[in-house]
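Here this note's numbering is used: position 5 in the sequence shown is 7, and no number is missing along the way. What follows is a single structure, written as structure tokens, with notes after it.
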Amino acid sequence: MSDPRVPGGVVHELPADLRQTLIADDSVLEAWNDITPLARNEFICWVEDAKQDKTRERRIRRTREELEEGKRRPCCWPGCKHRDKTG
3 MSDPRVPGGV VHELPADLRQ TLIADDSVLE AWNDITPLAR NEFICWVEDA KQDKTRERRI
63 RRTREELEEG KRRPCCWPGC KHRDKTG
């Protein structure tokens with residue numbers, strides 16, 4: 003089986019642990035590929051912004067769950083602080 007290409011965001015590269023979660027379920031990967039690069043960036047930044055491993059793991063799990071629920075942005079996240087808001 004070939005390794006699927008999984009796109010990242012507009013500022014952030016896709017971290018390996020989040021990638022593994024996405025490719026583990028075809029419907030989650032399909033949902034990931036269906037959202038915009040900016041939306042993917044928001045999920046990635048939310049995961050990367052975690053200060054503790056436990057928080058990061060929970061956010062990766064929530065990313066999968068929210069994509070399964072049809073959400074296109076992480077719930078309750080003010081947005082990526084690393085991207086230019088005007089661009």
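Where a beta carbon is used, it is the ideal one built from N, C-alpha and C, also for glycine.
- Can you tell me whether E15 is buried or exposed, with buried defined as 16 or more other CB within 10 angstroms of its CB? In the sequence shown, counting from the first residue as 1, residue 15 sits at position 13. Exposed, by the Cβ-count rule.
- Message: Spatial neighbours of V49 within its chain, please: C-beta separation below 7 Å, excluding the five flanking residues on both sides.
- Response: As a position in the sequence shown, residue 49 is number 47, starting the count at 1. Closer than 7 Å at Cβ, skipping near neighbours: P17, L20, R58, R61, I62, T65.
- Cα-Cα separation between P75 and F45, rounded to whole angstroms: What you label residue 75 is simply residue 73 of the sequence shown in a count that begins at 1. What you label residue 45 is simply residue 43 of the sequence shown in a count that begins at 1. Contrary to the premise, residue 75 reads as Arg rather than Pro in this sequence. For R75 and F45, the distance between alpha carbons rounds to 7 Å.
- Task: Give the straight-line distance between the Cα atoms of K1 and P6, rounded to the nearest whole angstrom.
- Result: The requested residue 1 is not part of the displayed model; the chain covers only 3 to 89.
- Compute the Euclidean distance between the alpha carbons of V8 and C77, then round it to the nearest angstrom. For the purposes of this step, residue 8 is taken as the residue at position 6 of the sequence shown. For the purposes of this step, residue 77 is taken as the residue at position 75 of the sequence shown. For V8 and C77, the distance between alpha carbons rounds to 22 Å.
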